[in-house]
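Have a look at the structure below, then the notes.
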Amino acid sequence: MNLNFPCNHGLHATRGGTHRAFIARRRALRPADEYRTVTPEEWGEFLGHFERRKLVLGDCGRAYGTDCAHEHACVRCPVLIVHATERPRLVEIRDNLLTRILEAEREGWLGEIEGLQSSLTHAEEKLAQLDAQISRKQESVDLGIPTFREIVARTTAVSTPPGPS
Numbered sequence: 004m005n006l007n008f009p010c011n012h013g014l015h016a017t018r019g020g021t022h023r024a025f026i027a028r029r030r031a032l033r034p035a036d037e038y039r040t041v042t043p044e045e046w047g048e049f050l051g052h053f054e055r056r057k058l059v060l061g062d063c064g065r066a067y068g069t070d071c072a073h074e075h076a077c078v079r080c081p082v083l084i085v086h087a088t089e090r091p092r093l094v095e096i097r098d099n100l101l102t103r104i105l106e107a108e109r110e111g112w113l114g115e116i117e118g119l120q121s122s123l124t125h126a127e128e129k130l131a132q133l134d135a136q137i138s139r140k141q142e143s144v145d146l147g148i149p150t151f152r153e154i155v156a157r158t159t160a161v162s163t164p165p166g167p168s
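For the sequence shown, our numbering gives the first residue as 4, with consecutive numbering after it.
Shown next as structure tokens:
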């Protein structure tokens with residue numbers, strides 16, 4: 004990125020030079036092998052990380068190189084980013100969990116109930132978050148920018164200055 008472009012006051016050129024000097028000092032402190040060229044295998048693995056984060060309900064927001072803490076129980080995971088288009092699927096998951104809880108209660112599977120209840124709580128939280136997100140996107144926000152009519156209404160008619168008579 005070239006930050007040295009001509010300007011009248013020279014502020015951008017100074018900032019760019021200062022920033023480059025800062026980066027050079029930081030790089031001097033780091034081991035040189037950290038700045039080597041990335042191999043095609045490493046680059047492919049990095050890009051693959053993001054491909055593997057695409058899920059049925061949306062995207063997994065966990066950091067690169069980290070393992071799944073929830074053993075792929077994504078509904079329970081706080082870093083699952085649910086896409087608004089997948090709301091019907093999330094409702095279906097919630098309804099299925101309710102049915103499975105009733106079945107577990109009927110069959111006396113007490114150990115199963117606890118896990119299903121946890122998943123249900125998280126699914127309902129995700130639905131509430133998604134509904135709030137959808138409603139925020141549908142609301143308009145007044146930025147306080149005047150409309151053209153308001154601008155014109157505030158402008159006074161231009162009067163000609165009195166000339167010599």
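Just so you know, even glycine gets a beta-carbon here, dropped at the ideal spot from N, CA and C.
All values derive from a computational prediction rather than experimental measurement.
Would you mind sorting residue i into buried or exposed? The rule is 16 or more other CB atoms within 10 Å of its CB.
i           : result
residue 155 : exposed
residue 80  : buried
residue 143 : exposed
residue 63  : buried
residue 138 : exposed
residue 96  : buried
residue 93  : buried
residue 61  : buried
residue 85  : buried
From this set, the options, which residue's C-alpha is nearest residue i's C-alpha?
i           : options            : result
residue 118 : 78, 69 and 43      : 78
residue 128 : 29, 38, 44 and 83  : 83
residue 66  : 88, 53, 47 and 124 : 53
residue 88  : 38, 26, 130 and 39 : 130
residue 103 : 121, 136 and 51    : 121
residue 59  : 20, 125, 37 and 90 : 90
residue 100 : 126, 114 and 76    : 126
residue 49  : 34, 134, 26 and 68 : 68
Reducing DSSP to helix, strand and coil, say where residue i ends up.
i           : result
residue 150 : coil
residue 60  : coil
residue 155 : helix
residue 82  : coil
residue 21  : helix
residue 36  : helix
residue 66  : coil
residue 48  : helix
residue 55  : coil
Output yes if chain D places a C-beta closer than 8 Å to the C-beta of residue i; else output no.
i           : result
residue 146 : The displayed structure is made up of one protein chain only, and chain D is not part of it.
Restricting to runs no shorter than 3 residues, where is the beta strand (DSSP E) found entirely within the segment 68-139? 83-85
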